[in-house]
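The numbers in the numbering used here rise by one with no breaks, and the one at position 34 of the sequence shown is 179. Glycine included, every Cβ here is placed at the ideal spot set by N, Cα and C. Inspection log for the structure reproduced underneath, given as structure tokens.
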Amino acid sequence: MATDPAKSKAVVQVVRQHPGMSLVAISPAIVVFALAWWLVNPFVAILLAIVVLGGGYYLLTRAK
146 MATDPAKSKA VVQVVRQHPG MSLVAISPAI VVFALAWWLV NPFVAILLAI
196 VVLGGGYYLL TRAK
């Protein structure tokens with residue numbers, strides 16, 4: 146599974162030009178991670194982050 150180089154470059158350019166917009170886009174994930182860390186357990190929060198990142202990677206790189 147490989148990512149499309151053009152899409153990767155486009156994402157990098159958007160993040161460089163609009164870092165605030167990128168932060169707002171991922172802020173719900175940051176809040177969920179912080180709440181899991183605080184309310185449940187740091188280990189569970191780290192596992193949750195790994196699962197979410199792995200799922201996102203799979204969705205971005207799957208063959209269509």
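Less than 8 Å separating the beta-carbons of residue i and residue j?
i, j, result
"Leu178", "Ala170", "Going by the sequence as given, residue 178 is Phe instead of Leu. Against a cut-off of 8 Å, the Cβ pair of Ala170 and Phe178 comes out as no contact."
"Val160", "Ser167", "yes"
Measure from the alpha carbon of residue i to the alpha carbon of each residue in the options, then state which is nearest.
i, options, result
"Ala174", "Leu184, Val197 and Met166", "Val197"
For a minimum of 4 consecutive residues, which ranges assigned as the alpha helix (DSSP H) are wholly contained in the region 153–193? 164–180
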